[in-house]
Structure formats: structure tokens, C-alpha cells
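Below is one structure; the comments refer to it alone.
Protein chains in written order, with my numbering: chain A, 1 to 618; chain B, 1 to 618.
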């Protein structure tokens, strides 16, 4: 048996081990205040001098002796021959003890007249009113805010002692090419250290990326030693698993100590926590989402141990839209698109594949399925940790159902309106059932009923009695995408790339096959499912299939042939009351805009519908 | 009458005028992805190629034909002579359609044996699983997060078109000296453009600071023209008021147009909104907190109009601890220290002087008293907009009462424990009454009863029946601070710097005067109040007073004489149940630490108390 395995520890235990192994103290460095915003003080900062240094006027006006003003009133003006004109910030000469605002002063023949008595020290800013020499301005471990720079400068501070921490990032992997190069078959762009560097910089850590090291133990050893020498923390990207070419753990063990190899989290099981020359060395798994998970769950707490403040994470309690099964004994992190629907938060899980980076791009939240649970049921309330500010998550419009490339263009068009469209592709029927549970704002669909009508019969059947509206995104052409110009008649002789169950495009195929009396079982590839139009087109272009059904824009994007089959209504179903939501309204208005129509024409394969919005009669 | 005035408009109207005058479109620029985190996309970004580009293995294992595995089981192993060894990420050769995990493979005599059938496409990552060529990765106006750089690089993107906006910052004022220079009498450090530059950079705007321009119209004109030429937005700092040397408005009017001069907000009334060559020109008032207010309330919304996302502001509903009076017709912004006490948020107003920059340093929130209100009563619930993350605000420990410089040192010591001490100096009695209302976590006090006992008699009298604890910070020396070595006997002949009503130090003076049969009215300066020990010491050093009562460390910090008068217990009063709060516990533990004792010894004038914590019997 070729079995390789890791001795897994829990995430909590891994963090404990990290805490025991490193009594982390950051370095400190002097930073000029011009560059100090966002830095963390390493020591308290004291005022070099008092502000104001001497009594100054708080107003434009005249400096007076308050005793001279006693008894002044509307009917008893007092002339003050020796008052002194002062502007805001001017010194109040020692012989005076108050300032009268210029608005309350009459100037007659060069002498000042007042009609109101003033109290001693009125409108005088006494020495040290703002701060006194030697007073503490900021304590240590304080994240310096922009406006505090002004205060520091005012009090005579020109440099601050700030925490400093540097992390080296060593990418390893013979299959990697640098960003900008086009990866050949089986190659990939080295992107994990780019992500890690940006992640660390956002925490205030200086990040240094090294060149790509192939999977050769000698070269990895040399790179690791250099990285440890020049930095406070070292991160080795990939090679952390137990495959035939995973050398990170053995190199770390040889140069120092492996404290943890394998943590019971998903994705990111094969993470390494090691120590070389007293410094932490973290081995990141190669899958981008696994690496992202380690950065968030392990590297971020490590950086926090050095005194760096970690941006607060906000959480919301949200209704989960889909049942998630999970492995007992493993903490699984699932990326989510969260949004507010009615009065509650709803969370749609993203794809859980560790190789699908787009999941993290699309997601605005993450949840944990704890090790003790086998999963979470649809409809349960889960704790969603937001990866964007709460306000931004509140801008999400959840669009769940059938996919069309023009939805992305719509998402782009509504951005100036402050709206974020999160679309999830689970097919027309899936969207319809999600809408029924009020777990999306809008369900895009193109469901053809046997009598040739689109969408309405399905809504009447599955959401009876509900007040619904259909917004027509476009009338679009579906057709056969192929390399050689296939038509429906060729179907039985070709390998077909099908769509997933419940998708309108699959129903269309079934409808067409039935019409022609062809058994689905005769279609080669009928059971192989793709979830988007572009996925079908990619299968055709790669030669895995000969043809598949999809929209024109997908064929055109990949330079494939397109044989039109039918024109269908691609519509968004929404609850009528949802149209009052300004975010949804922004989307509907965008669909109705010239800009969107122009976009559809440019993409090709769409017709603008005459009927924009139709009410569904219950 | 020398009156000058501004035609005030409301803040809402000023923002409307800004919106009407500038159809803001940011410039765009190409940014390499290495530098793109935190930038905002100016256009949608599309994938240059599909990922994966071809079917690859999702696991370490062997590539197989799924048909060959049909019927395999524990009791019916199948040998696969021509399976191919693949690691994660390797190409699955076209003749295979599935991958078996290495853990499920037995290697015998060079051939692979399996004991489980596999479904077609198991553990194969199909072409385009992550993203398909031509798919939209990010829409426009998207704030790029660190992990998205990895995705962009993986999909072949090396540069992004990002929003770009530059702001010029012109400081004006003949009284200004650059940071690092020690201001002479009546001078001040130019700090507002430093603050503004950091504020703008945090929003993603490029900020360019120019040199200090004296209050000369010709020089201001030249600087403004250069600033408008080189930037998208110009900010002129100070000279925005209506004083005799305020030229900003007239220069802007001459070179362009003044749209607003004066907004009904406090602080920051004399703000200017102008337009030169179609570009916005903002005149900041000179007072640092007024400038800060304009940056927050006017410049930030202006930047948002260009498409820059503004960090979310979190708000909490908090009990206001102090009555605030306000001018009808003016929106007043009041800085606050907010913290959680028991189950609710409490907000302590900071000093409202526009010249007191420390208010903004100390504050973690800001509230608005709307123009329609004359003020807010103590105990009312107000909306506090946090200026730190909510989690950080939740770390605040509100310490309200008597002041001692060692409290700042304590605040420094508890920072590694994640605690922020916010101390407000309103005297021992003020603190006691705040504690009674449970509007602070701890009330520092040193109240001497006629029978010579400290603090307990006052707590028993004012908070009868409550379960209270006194934590002794230190036994400290109070004494007479002077330049010439004055003693109590000299009091009737000297000018005295007194403390505010309700402060323990003032009560101490009254006690001593009574003991000696001296009438307070005979003490010169009895009515002039200072709120801190250092304030008293500063008044003595500046020559405004000859002596005052205070602690040794204040005298020492300013190099003054100190004649000991008495030793007193400086204690924190807390509700017994509050000791369960981990933040409060951290403070109590810090008081009991060697580090704090060493600090007290270094500061001088303190003795470590034998009794650390005493229970107050009701």
C-alpha cells in the first residue's frame, strides 16, 4: 500500500503549539511621522513641548483686562483705550487676562468699545490646554490613525518607534511559472506568494518575495536558509503535502524542527508549522484556497502575537441556503455569499473545491463547520464571518438560478449604484426553489413549458398564490456549439457536453430529444454535467466533446461554431415586494438601460424584449 | 462694529452643492498586480485563459479509465497494468477519465491494484473548473482584496486599470513652522496637511504636500494655481475664516468661484468649497479638530463621489454621560470615548475645544448634535459613530475621576493585554457620581474625610448599599509645586494655581486652609481652575502663578520645586462585580505587577501600598 499520511492536530492545538514555541517580540524601527499612519507604536510617545506654549487667543478679537470690563452693558458701554487687537492663535500679552470676540467690539475713533462684561480667561487658551510637556500622547501597541499624525507633529514628535516584522516568501514547485508567463499544460502561475505578500502587507508586515524554486531538495534548502536569515518569519509555499515531490517538511526538519505537519482543517490539511533558528517557518499548501485558509487562520494569529492589530472581523447570523456535508474530525471552512433579504441575512455556499480561487473572489464571508459536526442542514442559522465591511455585504443582491454571461455585465453596470450582484449558478429550477424559500433576491430562469410558454407556468405551479414579477433580461438564442458546425440532426453521432439537472438548457435538450423521439441514453456524454455555458464551450474546444447546447456569446468567446436552435425568454423572477428594495430596483433599472442594451448587442445572440416586466398572476 | 460674518449653509446643502458642481470622474492608471491590493478597478477584468487549461488531477494518485474499475471491491481487487501515476496538478492524459487517490492504491510488482470502483471524472479537475477564458473576474469599482491578486495572476492578468485621484495640500499661515522645528511664542507646527495627507492616502488618494505659504495673497495665489494644475483636487489649509489675514476665499474667488463659504457645523464653520478650472478646491479651517471635521464630513464624501469606497463606519447606541448644550442651527460634532459597561455602551464626551487635538487622539467615536436640537441631556441614548473597529472600542476601559500621571503609564502597561484605558479627568467627586450611575468602569479618587480616612466614607455616603471595591494604585505625595520652594505658610502671599471643584486636590487645599484658619477668599487665584496636576505645574512654570498643589511627578517633569504636604491613598473604586470583567481584571493585575511598581519608583513621589484591594462595607 502506497499510503502516506499526516499526523493531524486540531487548529486550536496548532495555534497553542505556535504560542508555546515563539515568545514573539517584534523588532522595532524609527519611522518618520510622515510615514507613520497605520504603524503600531513600540513604546509610549510623550509630548516634547506644551501646546499652546503660552496663553493664546481662542478668537479673533481684542485682549482685555477682565477687571476693566466690569459693569459694561447695553446701556453702559465701556471704552477700552489700551486693549490689543488679537487674531486667533496670537499671544495674549501678559497684562491681559481675557479676549472679547470681534463681533462684540465697536471701533470708535481708534478706541474699542464693548457692551458686555467678560469673565477672567474668557476666550483665552491657557498654556498646555491641549497637552502639557512630558504628557503621554500615545501608549505602546497603538495603531496610529491619520489624524494622530497631526497631533504628534504639533507636540514636537518627528519620528516614532514602531513595530517591525518581515516575512520572507519562498515559492516552490517545478510546475510554476511567474505571473505574466502563460502556463503550459500542467503548469500554473505562481500566485500564492503574491496573495500572501498582499495579505501580510495589509497586516502591517513587510513582505519579501523570492524567486520560484523547483522541487529539488538542495535548492529548497538554500532558499529556506536565505529566507530565514533575512526575515523574522518564513513562509514556504507548497510542497507541504506528503506527495512524492513534497520536500518542504523534510527540509525544515533537517534545518530545524517540524512542530506540526497536518492540521485537521479543510481546505489546508497539509500545513507545516516549523522552527528554524528560533524563527517560525510556515509551509503553505499549494491549492490557492488552502493557502488562503492558512494565511487567515494560522498566519494572521501568528502576526497578532507580535503585537500587530488585526482588522476586526464582523459576523452575521445567516440562514444557510444549501445542506453541507462535512467530515467529522475536521474543521471545514466554507466560503459564502451573504446578503440581506427582508429582515434577515442569507448565506449561499460557494464551490468548496480548494482549486477554485474564484470562490474567494465571489465570496464576502466564510463559515466554519466544526470538527464535531457532520454537516449543516439547509435552513440552519450559521455564523458568517464577513470578509468585507458589513455595509458592503449589505449591498449584495443574491441572484441564484440559471447562468448567463450577461449577468456578469449587469453586475458591472450596477457597481456605480453601490450594488454588488452575487450570482450563483444552480440552474433555473434550483433558483425557482430558492426564491420560494426567499433565499435569493432574484432567480434568473428560462423554463419552457410543454405548451411553449416561458417561466410563468412554472412559477404558478411551484410558487402558487405568491405575488411575483418577471423582469426580462433578454430574449436570447440558444444553439448548438461545436467545432465543426453540428446541427441537431447530428446529435446521435456526436459526443455531447450536457448541462446539470434542473438547468433550463438541459430541459431544452430533453424537450428537443422528445420532439425528435430520441432516447437520452443514446446521446454520448448525456450524463457528464457542466454548470455554465462557457463550461460546455470549453469542453467542446478542448475536444472532450463534439458539441453542446449554450448561448451564442459563449461560442463566440471561444471562437466556436454556433447553430441557432431556439429563442427563449431569460427572465429574473422576483417577489413583487422585493422591487421596493433600492438595490433590486437599481438592478431592474440597469436592465432597462441603454448601456445594458448596448452591451447585449456587442455580446451578440440577444434580442431586447418588448415586454420588460410582467406580473405573474397567481 | 467690526463684525465679519459668513453666509452659512447646512452641511447637507454644502454636500448637495458639491455634488451639483462636480460630475466627478476619477482618472485611471495601469497598476501592476503586485501593487494592486487596495486599489479600485476602473473597468471589469476578464480571464486571459482558462484554469485549469486542461483536465488535471485533483489528488496524488493514479489516472485510470473508470470503465476498467467496474466491479472492483474488497474481495475482488482489480489490477490495472497501464494506469499512470499522477500528482496533484498533473495532466490527466486524454486516455484516462478518473483518478484514484494514492491511499486507495496497492503497488504490487510494478502494477497498481485497487479495491474500489470509481465513477467517471472522479478527482479530475476539468478544464475551466476555476474559471473559463473570457469570464469576468472582477467588475468595475471593486476594491481589490489581497487574495484576489492570486486569482488575477492565475488567470493571466498582470496589470489592472485602477482609479486614480490626486490631491494637492497647500498649507498657509505666517505663524506656521514645519514639523521638527520648535515653534516660538505664537507659532505652531504645520500639522494639518500631514493629517490630511494620511487621511487621503487611507482612502486611496495620492496626496502631495506643498511647502508652507505665508499669509500673502500673491504667494497664496501662486501656490493655489500650481496645486490646481498638478492635482485633481486642491486643499488649502487655513486662512479660510473671515479674519484680517484670511485670504483663501478671496484668492479662490479671484481664480475661480467660491461655492460655499461657511457651513453650519461646529467645529469647522469657516470652511470653503470652491472651484478652479473645474476642479474642487476645499479651504480647511486652521484649528486641527475643525480641519479633521472637514476631512471627515466633506472631503471624504467628495472622494467617495469619484468611486473610491469609503471604509464602513460602525455605530453604537450609547448612554451619554454628560449634558451637552449646543447652538440651534448648527450641527455639532462631539468626540467621545465609548466603552461597554455591563450590557450597554456608554459614551463620555471629550473636550469640545477645536484646538484640543488630544480629544481626537483620545476619542474612539463621534456623535452629532443635530442643528434642530439645543443639546443632549446626560443619560440620553446617542448614536456614536466609531472611529476604531467595533472590537477595539469594546476593549475600552472607561476610567473617570481624579487624574494622576501614572494612569497613562498604566494605560501603556495594559496594551499587550488588548485593553485600552480611556481616562477622563473630572475630579474624584465627579468620578464617584459617574460610578454611581455605572457610567465608568473605575473611578480613581483620593478623597480625605474629616476623620482622616480616604475614600471609603465617601463611597459609603454616596453609594450606600453597593458592593464596591477599592484598588490602591499607589500612596502618593501631594505637595506644593513652586519655582522658589514655597511652603504652606507662604500661601497667603503668593499667587496660587487651584484645581477644579470636586477634585480631591482642591478638597485637600480646603482642608489645609481650614486647619490653618485661612479664608479661601484670601488666596489669590483660588477661583482660577486647572484640571490636571501638570496644568498646575505649567501655570507655575509659565509664571502665571507662584505655586499650586500637585503630585511630585508633575513638578519633576517640569523641573520645579516640590514641598511635600501629605501622603494620600490614590485608589480606583469599582463595583465588585466589575472585577469579573477580563478587561478590568487586566488593569487590576497590571497595578499589582512589578513593572508598574518599577514605573512608579522611576516617576518618584509614590509609595506602593501594603493593602492592594479593599472591600467597601456597605
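Beta carbons: idealized from backbone N, C-alpha and C, even for Gly.
All figures in this text were calculated on a predicted structure; none of them were measured in a lab.
TODO: Tell me where the alpha helix (DSSP H) around residue 615 of chain A begins and ends.
DONE: On the first chain, residue 615 of chain A is found 615 positions in, with the first residue counted as 1. That residue, residue 615 of chain A, is in no alpha helix (DSSP H); its beta strand (DSSP E) goes 613-616.
TODO: Residues of the region 401-432 of chain B with a CB closer than 9 Å to any CB of chain A: list them in chain order, please.
DONE: 405, 408, 409, 411, 412, 413, 414, 415, 416, 418, 420, 421
Open item on the list: Quick check on residue 527 of chain B - is its C-beta less than 9 Å from some C-beta in chain E?
Closed with: Considering every chain present, this structure includes no chain E. Its protein chains are A and B.
Open item on the list: Less than 6 Å between C-beta atoms, sequence neighbours within five positions excluded: which residues of the same chain meet that for residue 260 of chain A?
Closed with: Taking the first chain and counting its residues from 1, one reaches residue 260 of chain A at position 260. Within the same chain, residue 260 of chain A has close Cβ partners 9, 14, 17, 273.
- [ ] Run the proximity test for residue 478 of chain A: is its beta-carbon closer than 8 Å to any non-hydrogen atom belonging to the ligand GTP?
- [x] The ligand GTP is not part of the structure shown, which contains no ligands of any sort.
Task: Continuous beta strand (DSSP E) stretch holding residue 123 of chain B: start and end - done: Here residue 123 of chain B corresponds to residue number 123 of the second chain, with the count starting at 1. Note, residue 123 of chain B: premise wrong, no beta strand (DSSP E); not H, not E.
Open item on the list: I want to verify the contact list: residues of chain A whose CB lies under 9 Å from the CB of residue 129 of chain B, in sequence order.
Closed with: What you label residue 129 of chain B is simply residue 129 of the second chain in a count that begins at 1. In chain order: 351, 353, 355, 356, 535.
- [ ] Report the rounded CA-to-CA distance for residue 474 of chain B versus residue 603 of chain B, giving the unit in angstroms.
- [x] Reading the second chain from its first residue, position 474 is the one you call residue 474 of chain B. Reading the second chain from its first residue, position 603 is the one you call residue 603 of chain B. Straight-line Cα distance between these residues: approximately 12 Å.
TODO: Let me know if residue 275 of chain B comes out buried or exposed under the rule of 16 or more other beta-carbons within 10 Å of its beta-carbon.
DONE: In the second chain, residue 275 of chain B corresponds to position 275, counting from 1. Classification for residue 275 of chain B: buried.
Open item on the list: Which residue marks the beginning of the alpha helix (DSSP H) containing residue 359 of chain B, and which one marks its end?
Closed with: Counting from 1 along the second chain, the entry for residue 359 of chain B is found at position 359. Looking at the DSSP string, the run of the alpha helix (DSSP H) that includes residue 359 of chain B is 358-362.
Open item on the list: For a cutoff of 9 Å on Cβ pairs, would you count residue 232 of chain B as touching chain A?
Closed with: What you label residue 232 of chain B is simply residue 232 of the second chain in a count that begins at 1. Output row for residue 232 of chain B: interface = no.
Open item on the list: Quick check: is the beta carbon of residue 478 of chain B nearer than 9 Å to any beta carbon in chain A?
Closed with: Taking the second chain and counting its residues from 1, the one referred to as residue 478 of chain B is at position 478. Cβ-Cβ to chain A under 9 Å: no for residue 478 of chain B.
- [ ] Indicate the three-state DSSP secondary structure (helix, strand or coil) for residue 529 of chain B in the structure shown.
- [x] Here the question's residue 529 of chain B lines up with position 529 in the second chain. In this structure, residue 529 of chain B counts as strand in the three-state DSSP scheme.
Open item on the list: From the DSSP secondary-structure annotation, give me the bridge partner or partners of residue 461 of chain B.
Closed with: Position 461 of the second chain, counted from the start, is the residue given in the question as residue 461 of chain B. DSSP output for residue 461 of chain B lists no bridge partner at all.
Task: Distance, residue 404 of chain A Cα to residue 429 of chain A Cα - done: Locating residue 429 of chain A in the first chain gives position 429, counting from the first residue. Locating residue 404 of chain A in the first chain gives position 404, counting from the first residue. If I take the Cα positions, the gap works out to 15 Å.
Task: Which residues DSSP lists as bridging residue 159 of chain A, in chain order - done: Along the first chain, one-based indexing puts residue 159 of chain A at 159. Note: residue 159 of chain A sits in a beta bridge opposite A/32.
Task: Assigned secondary structure, residue 419 of chain A (DSSP; H/G/I helix, E/B strand, else coil) - done: Here residue 419 of chain A refers to the residue found at position 419 when the first chain is read from its first residue. Coil at residue 419 of chain A, not helix or strand.
Open item on the list: Within 9 Å of any Cβ in chain B, is that where the Cβ of residue 51 of chain A sits?
Closed with: By one-based count along the first chain, residue 51 of chain A stands at place 51. Yes, residue 51 of chain A counts as interfacial toward chain B.
Open item on the list: Just verifying my parser: in three-state terms, what is the DSSP assignment at residue 313 of chain B?
Closed with: Start at 1 with the first residue of the second chain, and residue 313 of chain B comes out as number 313. Residue state, collapsed to three classes: coil.
- [ ] Anything in chain A within Cβ reach of residue 240 of chain B, meaning under 9 Å, just list it in chain order.
- [x] Locating residue 240 of chain B in the second chain gives position 240, counting from the first residue. Ordered by position in chain A, no residue passes the 9 Å Cβ test against residue 240 of chain B, which lies about 12 Å from the chain.
- [ ] Since I believe residue 398 of chain B is in contact with residue 341 of chain B (beta carbons under 8 Å), could you give me their beta-carbon distance rounded to a whole number of angstroms?
- [x] As a first step, residue 341 of chain B must be located in the second chain, where it is residue number 341. As a first step, residue 398 of chain B must be located in the second chain, where it is residue number 398. Indeed they touch by this definition, with Cβ atoms about 7 Å apart.
TODO: May I ask which residues mark the beginning and end of the alpha helix (DSSP H) holding residue 436 of chain B?
DONE: The sequence position of residue 436 of chain B within the second chain is 436, counting from 1. Its alpha helix (DSSP H) spans residues 427-436.
- [ ] Can you tell me which of the three DSSP states residue 570 of chain A falls into?
- [x] As a working mapping, residue 570 of chain A is identified with position 570 in the first chain. If DSSP states are grouped into helix, strand and coil, residue 570 of chain A belongs with the strands.
Open item on the list: Between A/224, A/233, A/50, which has its C-alpha nearest residue 355 of chain B's C-alpha?
Closed with: Within the second chain, the letter at position 355 stands for residue 355 of chain B. Minimum Cα distance to residue 355 of chain B is reached at A/50.
TODO: May I ask you to list, following chain order, the residues of the region 117-143 of chain A that have a beta carbon less than 9 Å from some beta carbon of chain B?
DONE: 120, 121, 125, 126, 127, 128, 129, 130, 131, 132, 133, 134, 135, 136, 137, 138, 139, 140, 141, 142, 143
- [ ] On a CA-only basis, which of B/373, B/197, B/408 is nearest residue 590 of chain B? Give me that one, please.
- [x] As a working note, residue 590 of chain B is residue 590 in the second chain. Of B/373, B/197, B/408, the residue nearest in Cα terms is B/408.
Task: Nearest-angstrom Cα separation, counted from residue 133 of chain A out to residue 633 of chain A - done: No information on residue 633 of chain A is available, as it lies outside the stretch 1 to 618 that chain A covers here.
Task: Contact with chain B by residue 538 of chain A, beta-carbon distance below 9 Å - done: For the purposes of this step, residue 538 of chain A is taken as the residue at position 538 of the first chain. Closer than 9 Å to some Cβ of chain B, the Cβ of residue 538 of chain A qualifies, so yes.
Open item on the list: On the criterion of 16 or more Cβ atoms from any shown chain inside 10 Å, does residue 493 of chain B qualify as buried, or is it exposed?
Closed with: Mapped onto the second chain, residue 493 of chain B falls at position 493. Per the 10 Å Cβ criterion, exposed.
Task: contact_flag[the region 48-62 of chain B, the region 116-133 of chain B] where n(CB pairs < 8 Å) is 3 or more - done: yes
Task: Which listed residue (B/191, B/375, B/226) has its alpha carbon closest to that of residue 285 of chain B - done: Sequence index remark: in the second chain, residue 285 of chain B carries index 285 (1-based). Answer by Cα proximity: B/191.
Task: Range of the contiguous alpha helix (DSSP H) that encloses residue 626 of chain A - done: This structure leaves residue 626 of chain A out entirely; chain A is present only between 1 and 618.
Open item on the list: Beta-carbon within less than 6 Å of residue 583 of chain B's beta-carbon, same chain only, minus the 5 sequence neighbours each way: which residues are those?
Closed with: Start at 1 with the first residue of the second chain, and residue 583 of chain B comes out as number 583. For residue 583 of chain B, where only same-chain residues beyond five positions count, the Cβ hits under 6 Å are 397, 419.
TODO: With a cut-off of 8 Å on the beta carbons, I'd call residue 324 of chain B and residue 376 of chain B a contact; round off their distance for me.
DONE: As a working note, residue 324 of chain B is residue 324 in the second chain. As a working note, residue 376 of chain B is residue 376 in the second chain. Going by Cβ atoms, the distance from residue 324 of chain B to residue 376 of chain B rounds to 5 Å, so yes, they are a contact pair.
- [ ] List the residues of chain A whose Cβ lies closer than 8 Å to the Cβ of residue 199 of chain B, in chain order.
- [x] In the second chain, counting from the first residue as 1, residue 199 of chain B sits at position 199. Going along chain A in sequence order, the residues near residue 199 of chain B (Cβ under 8 Å) are 146, 147.
TODO: Compute the distance between the beta-carbons of residue 613 of chain B and residue 470 of chain B, then report whether it is under 9 Å.
DONE: Taking the second chain and counting its residues from 1, the one referred to as residue 613 of chain B is at position 613. Taking the second chain and counting its residues from 1, the one referred to as residue 470 of chain B is at position 470. Cβ atoms of residue 613 of chain B and residue 470 of chain B: closer than 9 Å.
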